[in-house]
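These notes concern the structure reproduced below.
Protein chains: 4
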Amino acid sequence: MKVLGLLGSPRRYGNSFKGLMMALKAAERFGAETEWLHLYELDVKPCLGCASEDVKACRYPCVIKDDMKIIYDKVLEADGIIFATPVYWYSPSAVMKNVIDRLTALENMIHIDGKSWMDGKVVGFVATGNDSGAMFAVAQMMSILNSMGAVIPPWSMAYINGPGDALELKNFVLDALNVGRSVVMMIKAMRGEKVEKWYDPDLLEWYEREVKPWLIRVVKEEEEKAEKPWKSSTS
Amino acid sequence: MKVLGLLGSPRRYGNSFKGLMMALKAAERFGAETEWLHLYELDVKPCLGCASEDVKACRYPCVIKDDMKIIYDKVLEADGIIFATPVYWYSPSAVMKNVIDRLTALENMIHIDGKSWMDGKVVGFVATGNDSGAMFAVAQMMSILNSMGAVIPPWSMAYINGPGDALELKNFVLDALNVGRSVVMMIKAMRGEKVEKWYDPDLLEWYEREVKPWLIRVVKEEEEKAEKPWKSSTS
Amino acid sequence: MKVLGLLGSPRRYGNSFKGLMMALKAAERFGAETEWLHLYELDVKPCLGCASEDVKACRYPCVIKDDMKIIYDKVLEADGIIFATPVYWYSPSAVMKNVIDRLTALENMIHIDGKSWMDGKVVGFVATGNDSGAMFAVAQMMSILNSMGAVIPPWSMAYINGPGDALELKNFVLDALNVGRSVVMMIKAMRGEKVEKWYDPDLLEWYEREVKPWLIRVVKEEEEKAEKPWKSSTS
Amino acid sequence: MKVLGLLGSPRRYGNSFKGLMMALKAAERFGAETEWLHLYELDVKPCLGCASEDVKACRYPCVIKDDMKIIYDKVLEADGIIFATPVYWYSPSAVMKNVIDRLTALENMIHIDGKSWMDGKVVGFVATGNDSGAMFAVAQMMSILNSMGAVIPPWSMAYINGPGDALELKNFVLDALNVGRSVVMMIKAMRGEKVEKWYDPDLLEWYEREVKPWLIRVVKEEEEKAEKPWKSSTS
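Protein chains in written order, with full-length UniProt numbering: chain A, 1 to 235; chain B, 1 to 235; chain C, 1 to 235; chain D, 1 to 235.
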């Protein structure tokens, strides 16, 4: 069972990153192999909307030759996908939106071989911002991914609408852990395993003991090596 | 296996009604018992937002004593629920929104007994209008229901954004049939049955033969007996 | 110059009420006469969607005879309208949505006499909740009202996405005051007055001195006389 | 008076382009100078979200040195801006969203010199797609732009939710012409001119005579010289 994380934030040390790591760690705990991609580090060109002129022209692996091929192939291997994005103006970041636009080449296979290649994949969402709009952003991603054929499991989302460090926001932490857990549980259910509960309120102790210390360390390392281009130009 | 339809349209003969009937007939075909409620005929008063003052005050069966009790009990019995609404200003009708607001008393049981009573229910959506806004309306319902703990199966929605009789709009018909089918398939998957495909493109023949003639008859009868209050007052 | 407030909350002492009062007081300060209606106290039946069958049947004053007539007439007299609602599931309350649905009878006059009767009215928004979704709710109202022909002035919205007493949330207070101010300034601009600035960051001192003490008193009185139906039934 | 068009479509001959040209021609007719930018031809890198770490770091002209500088300067000169985008998954294209994200550097000047540099600009929207989602996309752009300080005039939007050539869709054409007209009328109103009507239903004859023949010619030329990368790779 494979769960893929897609990070649509420029930072490997911000709240979206932290939420994604929580979800992936929980996914591992409940039995998944995980992997994640930092979308800002990939070269993904914008969608050309080929389908608007020739519906069969939009197909895997897309006429544009760029790093989207890496994403397509990881998505195709994955049983579950977690979309983690900062909330930029009540919506996913443009980098995340761009990858979603390009995923059309998988969904549009319905016109080539009769089936969306996103069909039956299980998805979850992390959206973090310091103002309103997280739910607006999640509703966009959820309605899009479901329209591509994905399953939205119960409690598929974790979000932040205000200031604070994700590591310390207990409700968010518990929700983010459950995003990972719920995605895995739904994959299991769809394979015939009985799921007793969809939300586990008892993951915090494990988080405090095993996830948080690791994540604090990772975040610190990533922040230290990050370029902060605004530092030289403003004060 | 039980699937409940909630109709948020004033009419028992319009496109939302037709779409709901298609979904329910398909749900029956794939093994569900079905039932539906015409929300405009029930007396459901507006939510008082008790939880904003005392989080534990909002609980089943709600302090308001009205026909919402009927809806709560049908929802609690159901494994799947299909929300069918006209698109009034890019959103569900106020009557549908009102019932959704009142469903809080089931979701908020999480603060009473640790679990949302909507948890794990499978939901689908029908939204019809003669202008834009269907997807905006669906995204609202989907994000709300998932936040209450419901599962969104693949291909959970059927919609109309323009003129036309739902009975004749082939894409809509196929989507509406698949809303019912997909809700049932997800209930089955969650019970351990293997689901081979989430969208069945071959339901139209059955529809033409068995559903459409019946539905034409029902719609005709309902339209004949409907009051049309504007007829006497305008011309 | 007249500005009308519409309150879509059950409470005359909650955050939506407070935000609406702030906006109206600021509207008065900048030259408007104001008035407001408590929508929960009016009997407004749901829209019957007449226009879906006969586009000319939907017209002022609506075939339904109820308190919506009061609202229509106040709206028609108003130059500006402020919609204040709690955020119920990322959307306006069903009571607010119901009134918006019924406003169709003014907008639809475009099919009767060539012009929406909402055309050129200036609108503002207050949306308060203790979780995410305020911006989603505002985006719904804004896109609807603009589609009816209303003007959205700069800084048309004030919102709360979390806990707290609106009276003490400085950013919200300043935004809510500016909702009232901006609605009035836009009405003035449309009458040919020059507007120097659209957001006034210096209204807090006046608020502390003149608005807040009055509002604390009003809220206290209203809360004391309010029925709290959940008090008897839960604990 | 200057009105700027921003085209978020890959094509200079599709429906978004056509709608934008209609709006700009109408803006000229009512007194504006116009100009437009084809966003797909500019090199605009994604937002780095600097403000999330240092609120004053996000400021004009942005730490990223790329073609966004051209857009910033055109936006700053403009009194009105028309955003024209295809609907990609119920939202603006990622290219349009990217430019909107980067406009934060103008809005965020509120933290530097006390005023959003988008304050008081008048905006309109064109959104075209062959499925649902246009209103969802417009609601996103409208709520964002208003949050930056822009004015939304009456009838600010024109959209397509289905198949067809924009040049022939009478309702769309009339709405698109009125987007341009309404933006100009609002700029005039804000300068003290009296506006008699916000929507002009009599622009079609002028369109047929002067705009359409020109636009047919432009579209033909643009389509002939366009690269169609999918042509060589699919069939």
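By construction, the Cβ of each residue, glycine as well, lies at the ideal position given by its N, Cα and C atoms.
With a cut-off of 8 angstroms on the beta carbons, I'd call residue 123 of chain B and residue 156 of chain B a contact; round off their distance for me. Yes, they are in contact, since the Cβ atoms of residue 123 of chain B and residue 156 of chain B sit about 7 angstroms apart, within 8 angstroms.
Let's see if you can read the secondary structure: which residues bound the alpha helix (DSSP H) around residue 112 of chain A? From DSSP, the alpha helix (DSSP H) with residue 112 of chain A extends over 110-113.
State the Cα-Cα distance for the pair residue 226 of chain B and residue 12 of chain B, rounded to the nearest angstrom. Cα to Cα, residue 226 of chain B sits roughly 8 angstroms from residue 12 of chain B.
Are the C-beta atoms of residue 62 of chain A and some chain D residue less than 7 angstroms apart? With a threshold of 7 angstroms between beta carbons, residue 62 of chain A makes no contact with chain D.
Taking all protein chains shown into account, decide if residue 97 of chain A is buried (16 or more other Cβ within 10 angstroms of its Cβ) or exposed. Answer is buried; the Cβ neighbour count reaches 16.
Do you know whose CA, among C:215, C:5, C:208 and C:163, lies nearest residue 78 of chain C's CA? If you compare the alpha carbons of C:215, C:5, C:208 and C:163 with that of residue 78 of chain C, the shortest gap goes to C:5.
Tell me the rounded alpha-carbon separation between residue 228 of chain D and residue 55 of chain A. Each residue's alpha carbon lies about 14 angstroms from the other.
Measure the alpha-carbon distance for residue 53 of chain D versus residue 85 of chain A and round it to whole angstroms. Rounded to whole angstroms, the separation of the alpha carbons of residue 85 of chain A and residue 53 of chain D is 16 angstroms.
Let me make sure I understand the geometry here. Which of A:230, A:59, A:66 and A:39 has the alpha-carbon closest to that of residue 118 of chain A? When only C-alpha atoms are compared, the closest one is A:59.
Does residue 108 of chain C pass the burial test, meaning 16 or more other C-beta atoms within 10 Å, or should it be called exposed? Per the 10 Å Cβ criterion, buried.
At a Cβ cut of 7 angstroms, what residues of the UniProt domain "NADPH-dependent FMN reductase-like" (1-154) of chain D count as close to chain B, listed as they run along the chain? Answer set for the UniProt domain "NADPH-dependent FMN reductase-like" (1-154) of chain D: 90, 132, 133, 134, 135, 136 and 139.
Scan the stretch 74-123 of chain B and note each continuous alpha helix (DSSP H) run of 4 residues or more that stays entirely inside, going in chain order. The qualifying runs are 94-102, 104-107 and 110-113.
Looking at the strands, I want to know which residues DSSP matches up with residue 2 of chain D. According to DSSP, which records beta bridges pairwise, residue 2 of chain D is partnered with D:33.
Closest residue to residue 19 of chain C among C:191, C:168, C:146 and C:149 (Cα-Cα distance): Per the Cα distances, C:168.
Tell me which same chain residues have a C-beta within less than 7 angstroms of the C-beta of residue 39 of chain B, skipping the five on either side of it? Only 6, 7, 8, 95, 96 and 99 meet the Cβ criterion.
When burial is assigned at 16 or more other CB atoms within 10 Å of the CB, is residue 149 of chain D buried or exposed? Result: buried.
Among the residues of its own chain, which have a CB less than 8 angstroms from the CB of residue 175 of chain C, if the five just before and after it don't count? Only 155, 157, 158 and 159 meet the Cβ criterion.
Note down, in chain order, all residues in the stretch 165-199 of chain A with a beta-carbon under 8 angstroms from any beta-carbon belonging to chain C. If the cut-off is 8 angstroms between Cβ atoms, the stretch 165-199 of chain A has nothing near chain C.
Test item: CB-CB of residue 183 of chain B and residue 163 of chain B under 7 angstroms: Cβ atoms of residue 183 of chain B and residue 163 of chain B: not closer than 7 angstroms.
Using a C-beta cutoff of 7 angstroms, does residue 163 of chain A count as contacting chain D? Chain D places no beta carbon closer than 7 angstroms to that of residue 163 of chain A, leaving this residue out of the contacts.
Nearest-angstrom Cβ-Cβ length linking residue 30 of chain D and residue 181 of chain D, presumed shorter than 8 angstroms: That pair is a contact at about 5 angstroms.
Give me the Cβ distance between residue 74 of chain D and residue 35 of chain D, rounded to the nearest whole Å; I'm assuming they're in contact under 8 angstroms. That pair is a contact at about 7 angstroms.
Just tell me which of B:177, B:224, B:134 and B:216 has its CA closest to the CA of residue 202 of chain B. Measuring from the Cα of residue 202 of chain B, the nearest candidate turns out to be B:177.
I need the boundaries of the alpha helix (DSSP H) containing residue 146 of chain B, first residue and last residue. Its alpha helix (DSSP H) spans residues 134-147.
Quick one: does residue 156 of chain A have its CB under 7 angstroms from some CB of chain B? Residue-level contact check: residue 156 of chain A touches chain B, since one or more beta carbons of chain B fall below 7 angstroms from its beta carbon.
Residue 126 of chain B by DSSP, collapsed to three states: which one? Of the three classes helix, strand and coil, the one that applies to residue 126 of chain B here is strand, per DSSP.
For residue 187 of chain D, name the three-state secondary structure that DSSP assigns. Three-state DSSP puts residue 187 of chain D in a helix.
Rounded to whole angstroms, what is the Cα-Cα separation between residue 82 of chain D and residue 170 of chain A? Inter-residue distance for residue 82 of chain D and residue 170 of chain A is about 43 angstroms (C-alpha atoms, whole angstroms).
Partners in chain C for residue 201 of chain D, counting only beta-carbon separations shorter than 8 angstroms: Chain order gives the chain C residues near residue 201 of chain D as 114, where near means a beta carbon separation below 8 angstroms.
Minimum length 3: unbroken beta strand (DSSP E) runs contained in the stretch 155-186 of chain A: As far as the stretch 155-186 of chain A is concerned, its whole beta strand (DSSP E) runs of at least 3 residues are 157-161.
Just list the residues that DSSP pairs residue 151 of chain C with in beta bridges. Paired residues: C:122.
With distances taken between CB atoms, is the gap from residue 87 of chain B to residue 127 of chain B smaller than 7 angstroms? In contact: residue 87 of chain B and residue 127 of chain B (Cβ atoms closer than 7 angstroms).
If you measure between the beta carbons of residue 161 of chain D and residue 161 of chain B, is that distance less than 7 angstroms? Yes, Cβ-Cβ distance for residue 161 of chain D and residue 161 of chain B is below 7 angstroms.
Do residue 47 of chain C and residue 57 of chain C come within 7 angstroms of each other at the CB atom, strictly closer than that value? No, the Cβ-Cβ distance between residue 57 of chain C and residue 47 of chain C is not below 7 angstroms.
Per-residue burial, residue 102 of chain A [other beta carbons within 10 Å of its own, 16 or more giving buried]: Only buried fits residue 102 of chain A, as 16 or more other CB atoms lie within 10 angstroms of its CB.
Looking at the strands, I want to know which residues DSSP matches up with residue 7 of chain D. Answer by DSSP bridge pairing, in chain order: D:38 and D:84.
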